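Chains A and B are the protein sequences, given in the same order. So that you can map any letter, position 76 of the first sequence is 76 in the working numbering, and since no number is skipped, the others follow by simple counting. So that you can map any letter, position 15 of the second sequence is 113 in the working numbering, and since no number is skipped, the others follow by simple counting. By construction, the Cβ of each residue, glycine as well, lies at the ideal position given by its N, Cα and C atoms. No experiment lies behind these values; they were computed from the predicted model shown. Read through the structure below, which is laid out as C-alpha cells, and then see the notes.
Protein chains: 2
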Amino acid sequence: METELVFKALSDPNRMKILNNLCSRDCPCNVGDVACCCTVDLSVVSRHLSILKNAGIISAEKRGKEVFYHVNRKEVAALLRQTAENIEKHVVHERRYK
Amino acid sequence: METELVFKALSDPNRMKILNNLCSRDCPCNVGDVACCCTVDLSVVSRHLSILKNAGIISAEKRGKEVFYHVNRKEVAALLRQTAENIEKHVVHERRYK
DNA sequence: AATATATTTGCATTATTGTGCAAATATACA
DNA sequence: TGTATATTTGCACAATAATGCAAATATATT
C-alpha cells in the first residue's frame with residue numbers, strides 16, 4: 001500500500017463521496033449503489049472505484065454479474081496512523097541548541 | 099484544516115519530498131534549504147510550499163528577507179488519526195443480520 | 001441462441017495542475 | 001540610493017486527470 005497513491009486517490013471530491021458512501025455501509029455494495037452518491041456517469045464511478053482499488057483503499061468481489069466493493073478499513077486506518085507517527089516523530093537531526 | 103485539501107497537497111511527489119525534508123528537521127528552514135531535496139525550479143518549490151501552507155500542513159514565518167517554514171506536526175497527525183477513526187468506525191447503518 | 005443487466009474500456013474533449021523563465025516584490029546592506 | 005539576496009508572481013506551455021458517450025465484455029435468464 002503506497003502512501004502517495006492513497007493520498008492521490010483521496011484527493012478528488014467524487015472519490016471522497018464514493019469512499020464516504022462505502023464507509024457508511026456495513027455490507028459490500030455494487031457499482032450502481034455506489035454511484036447514487038454522485039452525479040457523474042456510471043462509467044466515471046467505475047473508474048474512480050478502480051483508482052481506489054488500485055490504491056488499496058477498497059477491494060472488489062465479483063458475484064454473478066455484479067461487483068461488490070468494500071473499504072479496507074483496518075489497512076487504510078493503519079496507514080494513516082503510521083503516517084501520523086512519521087510526521088510527528090521523524091526528526092533525523094539532533095537538537096543542537098537549547 | 100480541510101481533509102481534502104490536505105490529501106490533495108500530499109498527492110504530489112515533489113510536495114512529499116519537500117514535506118519529508120521539512121519533517122526531518124527540528125528547526126524551521128528557508129526556501130533555499132527546502133529546495134535542495136528536489137530538482138525543480140526554486141519558484142516551483144515556492145509554489146509547492148504555498149500549497150502545503152494553504153492546506154495547513156506547514157506554517158511560514160518571515161525573518162528578514164527569508165521565510166522559514168516548519169511542519170504543523172501535531173495538527174497534521176491529529177487530522178490523519180481522526181480520518182483513520184472515521185474510516186474505521188463510520189458505519190451509519192445498523193447491522194441487520196448476524 | 002437471443003436478450004437483458006451490470007460493469008468496464010476506448011476515445012475524444014475539457015479541466016486542472018505542474019513547470020520553467022523572466023520579472024516583480026521585499027528586505028538587508030554598502 | 002544603489003546593489004545584492006530571498007522569495008513570490010505573471011505568463012505560456014506541457015503533462016495529468018476527470019468526464020461523457022458509445023461500444024465492448026461478462027454473466028445470467030428466457
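**Prompt:** For the alpha helix (DSSP H) that contains A:Lys-62, what are its first and last residues?
**Reply:** Premise fails: A:Lys-62 lies in the beta strand (DSSP E), 58-63, not in any alpha helix (DSSP H).
**Message:** Looking at the strands, I want to know which residues DSSP matches up with A:Cys-29.
**Reply:** Looking at the DSSP output, A:Cys-29 bridges to A:Tyr-69.
**Message:** Among the candidates A:Val-76, A:Lys-89 and A:Glu-85, whose CA atom is the shortest distance from the CA of B:Ile-185?
**Reply:** Out of A:Val-76, A:Lys-89 and A:Glu-85, A:Val-76 has the C-alpha closest to the C-alpha of B:Ile-185.
**Prompt:** Thinking C-alpha only, which one of A:Ala-55, A:Tyr-69 and A:Arg-63 is nearest A:Leu-79?
**Reply:** That would be A:Ala-55, whose Cα lies nearest to the Cα of A:Leu-79.
**Straight-line Cα distance separating A:Leu-42 from B:Phe-166** = It is roughly 46 Å from the alpha-carbon of B:Phe-166 to the alpha-carbon of A:Leu-42.
**Prompt:** Which residue comes first and which comes last in the alpha helix (DSSP H) that contains B:His-146?
**Reply:** Its alpha helix (DSSP H) spans residues 140-152.
**Prompt:** Beta-carbon of B:Val-143 versus every beta-carbon of chain A: anything under 8 Å?
**Reply:** Residue contact check for B:Val-143 against chain A: no CB pair falls below 8 Å.
**Prompt:** Quick one, which of B:Ala-158, B:Phe-105, B:Asn-112 and B:Glu-102 has its alpha-carbon nearest B:Cys-134's?
**Reply:** Comparing Cα-Cα distances from B:Cys-134 to each of B:Ala-158, B:Phe-105, B:Asn-112 and B:Glu-102, the minimum goes to B:Asn-112.
**Asked** Can the beta-carbon of B:Phe-105 be found less than 8 Å from the beta-carbon of A:Leu-19?
**Response** When the beta-carbon positions are compared, B:Phe-105 and A:Leu-19 stay at least 8 Å from each other.
**Request:** Taking B:Lys-151 and B:Ser-144 to be in contact with their CB atoms under 8 Å, please state how far apart those CB atoms are, rounded to whole angstroms.
**Result:** Contact doesn't hold; Cβ gap of about 10 Å is too wide.
**Message:** With a threshold of 8 Å between beta-carbons, can B:Phe-166 be considered close to chain A, or not?
**Reply:** Judged by the 8 Å Cβ criterion, B:Phe-166 is not in contact with chain A.
**Asked** Does A:Pro-28 get closer than 8 Å to chain B when you measure Cβ to Cβ?
**Response** No, A:Pro-28 lies away from the interface with chain B (no Cβ there is under 8 Å from its Cβ).
**Prompt:** Going by the beta-carbon positions, is the gap between A:Ile-51 and A:Val-71 smaller than 8 Å?
**Reply:** Contact: no.
**Start-to-end residues for the alpha helix (DSSP H) that takes in B:Thr-101** = In the DSSP assignment, B:Thr-101 falls within the alpha helix (DSSP H) that extends over 101-107.
**Request:** For A:Arg-63, go through chain B and note every residue whose CB falls closer than 7 Å to its CB, in chain order.
**Result:** Within chain B, no residue comes near A:Arg-63; the closest Cβ sits about 16 Å away, beyond 7 Å.
**Minimum Cβ-Cβ distance from A:Ser-59 to chain B less than 8 Å** = No, A:Ser-59 lies away from the interface with chain B (no Cβ there is under 8 Å from its Cβ).
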